[in-house]
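For the record, in the sequence shown the residue sitting at position 217 is 217 according to the UniProt record's numbering, with numbers rising by one throughout.
Idealized CB from N, CA, C, for every residue including glycine.
Below is one structure, written out as structure tokens, with a few remarks after it.
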Amino acid sequence: MTDKLKLMIVDDEMEVLNALKRLFRKDFEVESFSDPEAAAQQLSESTYSVIISDMKMPKMSGAELLSKAFDVCPDTPRILLTGYSDIDSTAMAINQGKINNYVSKPWSNDELKNVVLQASEQFQLKQSVMRLENELQLKNELLRKQNQDLESKVQARTQSLSKLNDKLKSANNRQRSLFYDVIEMINLIIEDTTGGGEGHVKRVASHCRTLAAAMGLEKNQVTQVYLAGLMHEIGKVSLSDTLAKSIENELSRAELVEKQTHAVKGAEILQTVPHLKAIGTAVKHQYERFDGSGVPDHLIGTNIPIASRILTVVNEFDKLVLGRISEQKLSQQQAIDFLIKESKTYFDPEVVKAYVNLLNSEISLDQHNIDLCIGVSMLEPGMHLSQDLLNKQGAVVLTQGTEITPTLIEKLKSYEKEWRYIFNVFVH
């Protein structure tokens with residue numbers, strides 16, 4: 001066995017064959033042929049890195065031989081040896097045999113050797129490219145199968161996924177592109193996993209996008225922050241149902257750390273797609289803390305990606321008003337006070353400042369296409385509920401889609417005063 005590449009030499013003169021064999025035997029496994037027809041037959045039996053052929057030979061010319069070689073092994077470089085008197089035949093060989101190069105007789109050993117070595121390097125490069133393309137195709141097929149397996153496992157989680165399929169069908173009619181169809185499916189899976197039907201994921205994503213734009217981030221960064229908001233809980237499909245739906249303050253330290261690993265798992269899922277790597281990075285670091293006490297990498301301050309810092313603030317705020325951190329839902333102002341209190345410790349103070357300004361501003365809901373959690377005092381006629389409004393006992397007071405009127409506002413204020421209860425009203 002030899003690791004040398006094969007070199008075919010064809011010439012009807014034995015002296016020429018022997019001279020060429022001596023020239024190349026250190027660098028190649030040389031196979032020489034004085035009969036071009038025998039050489040042509042051998043083309044389909046072995047793989048050669050370079051073929052060198054004389055032009056004038058009996059039975060078959062070099063042009064004819066190299067033309068056959070092109071049909072059998074088009075990636076193998078073909079070099080023609082030709083005399084000065086063969087210029088017309090050489091032109092024909094270039095056209096018919098599609099030769100890569102030609103060397104005039106008598107040749108310079110150094111020149112010929114350099115031409116052959118370069119041709120051999122080109123052959124190896126093509127072989128490497130083909131090998132890499134085949135490996136990539138196999139890996140893509142493996143990834144496709146893995147994605148199919150993951151989808152099957154997710155669909156098998158619960159019988160409620162049959163209802164989610166119906167929701168997905170209706171969502172498909174509303175979406176304009178396949179990309180947003182996939183996003184909608186993922187959101188439904190996440191809501192089923194976390195047991196949340198409060199529109200948390202979409203609201204976090206919309207707020208992240210609006211906040212990123214308000215902070216002056218570039219358009220592509222705004223899009224990345226928005227997609228990170230849409231995908232920030234995708235890794236929760238790897239958690240148990242109990243842990244995924246748990247209240248954070250009721251968990252032990254070990255359980256909370258385990259729950260937060262969904263960020264790393266989500267990043268791994270997203271980073272299998274090259275165009276989603278930056279989004280995966282933002283999702284991975286959503287539990288980093290500004291003082292370096294977070295996970296998974298204990299990044300400090302502005303070493304934390306800006307998309308992650310924005311996602312952290314918006315996500316924390318929404319979980320506070322939804323009651324995902326503690327059983328008690330905080331009012332918007334209470335949640336804002338918490339963000340301000342933990343600035344520089346947990347949160348980037350510049351992000352907190354920008355978000356508080358955004359929440360306290362006169363946001364045009366139609367313009368930004370977002371829903372807000374606001375107190376009764378901030379309600380305005382013409383707003384619509386983006387989800388059911390529940391009273392202190394958990395009963396539905398107003399259903400999703402209800403239009404806010406002056407009369408409803410007064411009734412809600414009276415209820416809050418009588419029952420000493422604060423409504424968190426989600427509107428769009």
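Nearest-angstrom beta carbon gap, residue j and residue i [assumed within contact, 8 Å]
i, j, result
"residue 233", "residue 190", "5 Å"
"residue 403", "residue 375", "Incorrect: roughly 18 Å between the Cβ atoms, too far for contact."
"residue 119", "residue 100", "6 Å"
"residue 313", "residue 352", "6 Å"
"residue 252", "residue 286", "So it is not a contact: roughly 21 Å between Cβ atoms."
"residue 335", "residue 320", "4 Å"
"residue 325", "residue 225", "22 Å between Cβ atoms; not a contact."
"residue 113", "residue 23", "6 Å"
Given residue i as reference, the closest of the options once Cα atoms are compared
i, options, result
"residue 397", "380, 377, 425", "425"
"residue 58", "72, 81, 34, 47", "34"
"residue 202", "216, 215, 183", "183"
"residue 74", "316, 122, 60", "122"
"residue 150", "235, 218, 208, 216", "235"
"residue 4", "343, 124, 344, 20", "124"
"residue 275", "237, 211, 228, 418", "228"
"residue 345", "391, 387, 298", "298"
"residue 386", "130, 128, 200", "200"
"residue 415", "384, 427, 377", "377"
"residue 32", "240, 7, 214, 264", "7"
"residue 188", "130, 231, 411, 259", "231"
"residue 452", "339, 221, 243", "As displayed, the chain neither begins before 1 nor continues past 428, which places residue 452 out of reach and without an answer."
"residue 421", "337, 331, 263", "331"
"residue 215", "349, 354, 303", "354"
"residue 265", "242, 248, 296", "296"
"residue 423", "350, 20, 322", "322"
"residue 15", "271, 54, 37", "54"
"residue 208", "306, 133, 186", "306"
"residue 80", "52, 262, 241", "52"
"residue 260", "26, 412, 419, 240", "240"
Assigned secondary structure, residue i (DSSP; H/G/I helix, E/B strand, else coil)
i, result
"residue 200", "helix"
"residue 397", "strand"
"residue 13", "coil"
"residue 390", "strand"
"residue 29", "strand"
"residue 384", "strand"
"residue 82", "strand"
"residue 99", "coil"
"residue 318", "helix"
"residue 6", "strand"
"residue 423", "coil"
"residue 297", "coil"
"residue 404", "coil"
"residue 347", "strand"
"residue 356", "helix"
"residue 325", "coil"
"residue 313", "helix"
"residue 53", "strand"
"residue 374", "strand"
"residue 43", "coil"
"residue 268", "helix"
Residue i CB to nearest heavy atom of the ligand HEM below 7 Å
i, result
"residue 360", "Ligands in the displayed structure: none, and consequently the ligand HEM is not present."
Neighbour-count burial assignment, residue i, 16 or more Cβ in a 10 Å radius
i, result
"residue 49", "buried"
"residue 44", "exposed"
"residue 250", "exposed"
"residue 293", "exposed"
"residue 102", "buried"
"residue 401", "exposed"
"residue 205", "buried"
"residue 394", "exposed"
"residue 139", "exposed"
"residue 328", "exposed"
"residue 405", "exposed"
"residue 361", "exposed"
"residue 279", "buried"
"residue 284", "buried"
"residue 46", "exposed"
"residue 337", "exposed"
"residue 62", "buried"
"residue 116", "buried"
"residue 316", "buried"
"residue 9", "buried"
"residue 289", "buried"
"residue 212", "buried"
"residue 143", "exposed"
Runs of 4 residues minimum, wholly inside the segment 101-163: which ones carry the alpha helix (DSSP H) assignment? 109-155
Report the start-end ranges of each alpha helix (DSSP H) in the segment 183-266 that is 4 residues or longer and not cut off at the edges. 200-214, 219-231, 241-244, 253-260
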